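In our numbering, the protein residues as written are 18 to 184. Backbone N, C-alpha and C define an ideal beta-carbon position, used for all residues, glycine too. Small disclaimer: the values here were computed from a predicted structure and weren't measured. Read the structure below first, then the notes.
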């Protein structure tokens, strides 16, 4: 599966946003079986999208974006530019107001800069402590702790994300 589209929590990234899809694994397995039988990845993705729509609401204006994400999941072409690193952003915190604001801030920066990223909000204390963080909210970009115990400014978040996308 492609890191740029499928997240560890089982959601799919469609137009830069994580979307949960009921029955995704079963549909993808069926689509992969069809590919093994000789149909194209694009036809298998179309089949998968139709099956997904049986149990999930897909906004009509977003069908093409969903189809693209499914195609990538099935091994088709990605629009990811060569040489552009994939970003993984983690917000560490129990879900307090500051943690939620940090998540909103990160999403705003990513949207304004049109940067694709996997965003995880880690709430479990054991997982937070694995990063050596004892004070939340904390921001981790590509497994590097950038900030702990405070809400950074938008300029700081933007700087850290841009550093990781160009390194």
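Grab me the residues of residue i's own chain with a C-beta within less than 6 Å of its C-beta, minus the 5 sequence neighbours each way, in chain order.
i, result
"residue 136", "106"
"residue 39", "72, 73"
"residue 152", "165, 166"
"residue 140", "111, 112"
"residue 37", "28"
When you compare only the Cα positions, how much space is there between residue i and residue j?
i, j, result
"residue 157", "residue 34", "18 Å"
"residue 176", "residue 104", "14 Å"
"residue 150", "residue 83", "36 Å"
"residue 160", "residue 183", "15 Å"
"residue 115", "residue 54", "51 Å"
"residue 15", "residue 142", "Since the first and last residues shown for the chain are 18 and 184, residue 15 lies out of range."
"residue 75", "residue 28", "14 Å"
"residue 155", "residue 167", "7 Å"
"residue 117", "residue 56", "44 Å"
"residue 148", "residue 110", "12 Å"
"residue 31", "residue 146", "30 Å"
"residue 131", "residue 112", "25 Å"
"residue 60", "residue 134", "27 Å"
"residue 85", "residue 78", "13 Å"
"residue 97", "residue 172", "Note that residue 97 scores 46 on pLDDT, short of 50, meaning its location in the model is unreliable and no value can be drawn from it."
Given a cut-off of 8 Å, decide if residue j and residue i are closer than it, judged by their beta-carbon atoms.
i, j, result
"residue 178", "residue 138", "no"
"residue 122", "residue 174", "yes"
Can you list, in chain order, the residues of its chain with a C-beta nearer than 8 Å to that of residue i? Leave out the 5 residues immediately preceding and following it.
i, result
"residue 120", "108, 136, 138"
"residue 181", "102, 104, 158, 159, 161"
"residue 80", "66"
"residue 58", "52, 88, 91, 92, 93"
In chain order, what residues of the same chain lie with their CB nearer than 7 Å to the CB of residue i, ignoring the 5 residues before and after it?
i, result
"residue 64", "48, 51"
The stretch 73-93 / the stretch 42-49 touching (three or more Cβ pairs under 8 Å) = yes
The stretch 120-130 contacting the stretch 66-75, beta-carbon criterion three pairs below 8 Å = no
Run through the stretch 81-137 for me and flag every whole alpha helix (DSSP H) of 4 or more residues, listed as ranges in chain order.
-> 114-130
At what residue ranges does the stretch 38-80 contain a whole run of the alpha helix (DSSP H), taking only runs of 4 or more?
-> 41-53, 58-72
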